[in-house]
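S.K.: Pasting a structure here, questions to come.
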Amino acid sequence: MHIDLDSFYASIEEVRNNSIKGKPIVICVYSGRTQNSGAVSTSNYSARKLGIKSGMPIVLAKRIAMNKEVVFLPVDIEYYREVSDRIMNLIEEESDTLEQVSIDEAYIDVTEKTNSNWNKAIQVANTIKQKILSQEGLTASVGIASNKFVAKIASDFQKPNGLTLVKNEEIIPFLENLKVSKLHGIGEKTARVLNEIGIETSKDLSKCDIKVLEEIFGKNKAKLLHDKSLGIDNSIVESKKKKQLSKIGTLKEDTKDKKVIFEKIIELSNELNQKIKRDNVSFRTVSLITIDIELKTHIKSETISQANDIQRAVPVFKQLLNNYIEKNSEKKLRRIGVRVSNLEFFNSQRTLDEF
DNA sequence: CGACGTGTAAC
DNA sequence: CCTTTTACACGTCG
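So for the first sequence, the numbering used here puts the first residue at 102; every next one is plus one.
Written out as structure tokens, the structure is:
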């Protein structure tokens, strides 16, 4: 089963403030560069009808919103996480296994609990939907199928507040007419390449000779694409450990001034350190993410001995920045980020100052 | 085989 | 006009 909280951030804000309920709501990530620089994180369905969508520049959204009553709010991720945690706990209680994939999405396995009975699965889904509604005032869209991939697409089929069951014999007819870009894992690039060779729908893809796909995408990806077209997915529902933590930010203005950039690195490092402490992890690999004025991203990394505090990473960031500036003396930077990976989790038991 | 950089994808 | 965070595959190098 795949459970997707409907326009999560925007819906939470509606619950928080009854006076904006039903109005178009746009949740924004302000970059702090100018008054309205930044992007739209989430909009509710009322705002989507106007054409305000995720990822859109805020300035553009405001232009569309001109002369209309549209509510713009900044993201309050801390609060959304609290709500999310409560909901995930509630979902977990109704599941054999929970796999949370993001703040507003989860897969659950209910094979045991339902004895592989579709009707029982629908009951479980409705119980979960009802609890989320009564306890948090939010709606969710649910997809039920015999694998994660089909469940994911099913949850997207009727939104918001949907419930879609796809039984095994319904998988092919269900997928058949979908555009390839609707298949989870096929993004913009892959869809474009497929379109170029005349493949528009899932059906087209399933009929395409695997050899042809191998020519273009290589053996592994070809198999993956072919499986997707037939709704085949053997991956299991399992909770996964985080593999990296990062924090990225936008510079006040494009610059190549080492001092200015490093100040931002320090600021981001402190924020990243909070995450490191919160998750109680140590790290071995340290990366500096640079995004230049053309929005091209570069990542430079270095692996060090195990550390549990960002203090150990800061000199590495400095070094990586020096290297970058040396090699790209002409290029100004727009954004900068810090990342740690090669993580190891600790029991709260273990004392940390042994490093 | 581990480390690293890049591309793709999703949220 | 252009945010943030994470994952994973693949090629390459030593």
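Each residue gets a CB set at the ideal place from its N, CA and C atoms; glycine is no exception.
Values in this document were obtained by computation on a predicted structure and should not be read as measured data.
Taking the continuous alpha helix (DSSP H) assigned at LEU375, which residues delimit it?
M.R.: The question names Leu, but residue 375 in the sequence shown is Gln. Note, GLN375: alpha helix (DSSP H), 359–380.
S.K.: Are the stretch 426–440 and the stretch 346–353 touching by the rule of at least three beta carbon pairs closer than 8 Å?
M.R.: In short, these stretches touch, since the Cβ pair count reaches three.
S.K.: Just checking, does the stretch 236–248 make contact with the stretch 287–298 on the three C-beta pairs under 8 Å criterion?
M.R.: The stretch 236–248 vs the stretch 287–298: no contact.
S.K.: Using three-state DSSP, classify LYS280 as helix, strand or coil.
M.R.: If DSSP states are grouped into helix, strand and coil, LYS280 belongs with the strands.
S.K.: For the structure I just gave you, are there three or more beta carbon pairs, one from the stretch 166–174 and one from the stretch 186–198, closer than 8 Å?
M.R.: They do not touch, by the three-pair rule.
S.K.: What is the rounded straight-line gap between the Cα of GLU206 and the Cα of SER155?
M.R.: Answer to the nearest angstrom: the Cα atoms are 16 Å apart.
S.K.: Hey, how far is the Cα of SER370 from the Cα of GLU179?
M.R.: Distance between the alpha carbons of SER370 and GLU179: 18 Å.
S.K.: From GLN231 to GLN224, what does the alpha carbon distance come to, in whole angstroms?
M.R.: Approximately 10 Å, taken between the alpha carbons.
S.K.: Whole-angstrom Cβ separation of LYS343 and LEU444, contact assumed at under 8 Å?
M.R.: Rounded, the Cβ-Cβ distance is 6 Å, consistent with contact.
S.K.: Report yes if the CB atom of ALA226 is closer than 7 Å to the CB atom of LEU276, and no otherwise.
M.R.: Contact flag unset, no.
S.K.: Taking Cβ to Cβ, would you say ASP105 is nearer than 7 Å to SER303?
M.R.: Result no, Cβ atoms of ASP105 and SER303 do not sit closer than 7 Å.
S.K.: Can you tell me which of PHE109, THR356, MET167, THR215 puts its alpha carbon nearest to the alpha carbon of VAL176?
M.R.: Ranking PHE109, THR356, MET167, THR215 by Cα distance to VAL176 puts PHE109 first.
S.K.: Taking the alpha-carbon of VAL338 as reference, which of ALA166, ALA252, HIS285 has the nearest alpha-carbon?
M.R.: When each option's Cα is compared against that of VAL338, the closest is ALA252.
S.K.: Measuring alpha carbon to alpha carbon, tell me which of ALA414, LYS360, VAL382 ends up nearest LEU434.
M.R.: Among ALA414, LYS360, VAL382, the Cα nearest to that of LEU434 belongs to LYS360.
S.K.: Count the C-beta pairs between the stretch 318–332 and the stretch 387–395 that are closer than 8 Å, then say yes if the count reaches three, no if not.
M.R.: The stretch 318–332, when compared against the stretch 387–395, does not touch it at the 8 Å Cβ threshold.
S.K.: Three-state secondary structure (DSSP) at ILE287?
M.R.: DSSP places ILE287 in coil when its eight states are reduced to three.
S.K.: Look at the Cβ atom of VAL202, then the Cβ atom of ILE113, and state whether they are nearer than 7 Å.
M.R.: Going by C-beta atoms, VAL202 is not nearer than 7 Å to ILE113.
S.K.: For TYR208, which beta-bridge partners are listed by DSSP?
M.R.: HIS103, GLU200.
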